[in-house]
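Trainee: The sequence shown runs 168 to 380 under the numbering used here.
Every residue, glycine too, gets a C-beta built ideally from N, C-alpha and C.
From a predicted model like this one, the values you see are computed outputs, not experimental measurements.
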Amino acid sequence: MSEEIRLQAFKRDEVGKQGLRSVRQQGYIPGIYYDAKGDNVPVKVRYRALESAFRKAHSNHVIQLEIANGGQGTPRPVMIWDIQHHPVKDLILHVDFFGVDMSKEIQVEIPVQIEGEAQGVVDGGQLTVYHEALLVSCLPDAIPENIRIDVSALEMNENVNIEDVTFPEGVVPVYDGEENFAVAGVNPIVEASLEEEEEEAEGEAPAEEAEEE
168 MSEEIRLQAF KRDEVGKQGL RSVRQQGYIP GIYYDAKGDN VPVKVRYRAL ESAFRKAHSN
228 HVIQLEIANG GQGTPRPVMI WDIQHHPVKD LILHVDFFGV DMSKEIQVEI PVQIEGEAQG
288 VVDGGQLTVY HEALLVSCLP DAIPENIRID VSALEMNENV NIEDVTFPEG VVPVYDGEEN
348 FAVAGVNPIV EASLEEEEEE AEGEAPAEEA EEE
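Structure (structure tokens):
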């Protein structure tokens, strides 16, 4: 389980294009909190505070969101549902939070972390990671930082399949049980043969001759 991340928010009265522009000019980011029961609460959060929380939580970890309305807010477990960035500038424009029930399992994608150097790579092969993240189901407070996969024992033309991966306690992979797909594997490095290069060169020759004419 990762460290607890807290973020303070404030109920937002500003709406519309002008209102949202005013919120941003004051150093806040407008957003909406979607309650697990279906209630929506317009909020605003400090830009730097949100930026820091997003770096730690991304979209797959629980944040304790304190929504203040003239006083201290009660922490509510949420996850970042959507975060919008400026199309050109590296700026956050809007954020959506959704409340989670800590007693119910949720599905989230967790990044894969490769560890070790595959024997097949030592022998001249190439490691390919087919899935950078894996979909899992677990309680919100059991979400892992990553899924570690040790590839040290992989020989040439061997894979680590989903059924070979060890998941933390309480974390279950979500996939079609009949499809034991490969997560990472080692394959020979494919290089163009001399014959293929000569064929390509011959195919280009007529065009070059035509240009000279």
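Roughly how far, in whole angstroms, is the beta-carbon of Leu302 from the beta-carbon of Glu276, given that I think they are within contact range, below 8 angstroms?
Mentor: The residue labelled residue 302 in the question sits at position 135 within the sequence shown. The residue labelled residue 276 in the question sits at position 109 within the sequence shown. That belief holds up - the Cβ atoms of Leu302 and Glu276 are roughly 5 angstroms apart, short of 8 angstroms.
Trainee: The beta strand (DSSP E) that contains Lys178, what's its start and end?
Mentor: Here residue 178 refers to the residue found at position 11 of the sequence shown. Its beta strand (DSSP E) spans residues 172-178.
Trainee: Identify every residue that forms a DSSP beta bridge with Lys211.
Mentor: As a working note, residue 211 is residue 44 in the sequence shown. The partner list for Lys211 (beta bridge, DSSP) reads Phe177, Pro197.
Trainee: Rounded to whole angstroms, what is the Cα-Cα separation between Val338 and Ala224?
Mentor: The residue given as residue 338 occupies position 171 in the sequence shown. The residue given as residue 224 occupies position 57 in the sequence shown. Going by the C-alpha atoms only, they are around 18 angstroms apart.
Trainee: On the three-state DSSP scale, how would you describe Glu330?
Mentor: Taking the sequence shown and counting its residues from 1, the one referred to as residue 330 is at position 163. In the structure shown, Glu330 sits in a helix (DSSP, three-state: H, G or I).
Trainee: Quick one: what does DSSP say Leu187 is sitting in, helix, strand or coil?
Mentor: For this step, residue 187 is matched to residue 20 along the sequence shown. Three-state DSSP puts Leu187 in a helix.
Trainee: Around the Cβ of Phe348, are there at least 16 other Cβ atoms within 10 angstroms (buried) or fewer (exposed)?
Mentor: Taking the sequence shown and counting its residues from 1, one reaches residue 348 at position 181. Under this definition Phe348 is an exposed residue.
Trainee: For the putative contact between Ala203 and Gly291, defined by C-beta atoms under 8 angstroms, what is the C-beta separation to the nearest angstrom?
Mentor: As a first step, residue 203 is located in the sequence shown; it is residue number 36 there, counting from the start. As a first step, residue 291 is located in the sequence shown; it is residue number 124 there, counting from the start. Between Gly291 and Ala203 the Cβ distance is about 53 angstroms, and since that is not below 8 angstroms, they are no contact.
Trainee: If Lys178 and Val208 are in contact, beta carbons under 8 angstroms, what's the gap, nearest whole angstrom?
Mentor: Taking the sequence shown and counting its residues from 1, the one referred to as residue 178 is at position 11. Taking the sequence shown and counting its residues from 1, the one referred to as residue 208 is at position 41. The Cβ separation is near 7 angstroms, so the contact holds.
Trainee: Counting only beta-carbon atoms, is Val318 nearer than 8 angstroms to chain B?
Mentor: In the structure shown, chain B does not exist; there is a single protein chain.
Trainee: Under the three-state reduction of DSSP, which class applies to Val296: helix, strand or coil?
Mentor: Looking up residue 296 in the sequence shown gives position 129. Correct three-state label for Val296: strand.
Trainee: Give the C-beta separation of Tyr342 and Ile329 to the nearest angstrom, bearing in mind that I take them to be a contact with Cβ-Cβ under 8 angstroms.
Mentor: Taking the first residue of the sequence shown as 1, we reach residue 342 at position 175. Taking the first residue of the sequence shown as 1, we reach residue 329 at position 162. That pair is a contact at about 6 angstroms.
Trainee: Kindly indicate which three-state DSSP category Leu217 falls into: helix, strand or coil?
Mentor: Along the sequence shown, read from residue 1 onward, the residue named residue 217 stands at position 50. The answer is helix: DSSP assigns Leu217 an H, G or I state.
Trainee: So, at 8 angstroms on beta carbons, what are the nonlocal neighbours of Glu299 in its own chain, with the 5 sequence-adjacent residues on each side left out?
Mentor: The residue labelled residue 299 in the question sits at position 132 within the sequence shown. So the list reads Pro278, Val279, once near-sequence residues are dropped.
Trainee: DSSP three-state label for Val245, please.
Mentor: The count along the sequence shown starts at 1 and reaches residue 245 at position 78. Three-state DSSP puts Val245 in a strand.
Trainee: Considering only residues of the same chain and omitting the five flanking positions on each side of Asn227, which have a CB-CB separation below 7 angstroms?
Mentor: Translated into positions along the sequence shown, residue 227 becomes position 60. Around Asn227: Val275, Glu276, Ile277, Ile310.
Trainee: Under a three-way DSSP split, which group does Asp308 fall into?
Mentor: Taking the sequence shown and counting its residues from 1, the one referred to as residue 308 is at position 141. Of the three classes helix, strand and coil, the one that applies to Asp308 here is helix, per DSSP.
Trainee: Measure the beta-carbon distance from Glu233 to Gln185 and round it to whole angstroms, keeping in mind my assumption that it falls under 8 angstroms.
Mentor: As a first step, residue 233 must be located in the sequence shown, where it is residue number 66. As a first step, residue 185 must be located in the sequence shown, where it is residue number 18. So it is not a contact: roughly 27 angstroms between Cβ atoms.
Trainee: Report the rounded CA-to-CA distance for Asn313 versus Pro307, giving the unit in angstroms.
Mentor: As a working mapping, residue 313 is identified with position 146 in the sequence shown. As a working mapping, residue 307 is identified with position 140 in the sequence shown. One C-alpha to the other measures close to 14 angstroms.
Trainee: Name the DSSP beta bridge partners of Gln231, please?
Mentor: Indexing the sequence shown from 1 puts residue 231 at position 64. Arg173, Pro244.
Trainee: Can you tell me where the alpha helix (DSSP H) holding Val288 begins and where it ends?
Mentor: For the purposes of this step, residue 288 is identified with residue 121 of the sequence shown, where counting begins at 1. Its alpha helix (DSSP H) spans residues 286-289.
Trainee: What residues match up with Gly352 in a beta bridge as DSSP calls it?
Mentor: The residue you call residue 352 lines up with position 185 of the sequence shown. For Gly352, which the question treats as bridged, DSSP gives the partners Thr295, Asn326.
Trainee: Taking just the CA atoms, how far does Glu358 sit from Leu294?
Mentor: Counted from its first residue, the sequence shown places residue 294 at position 127. Counted from its first residue, the sequence shown places residue 358 at position 191. In a straight line, the C-alpha of Leu294 is about 15 angstroms away from that of Glu358.
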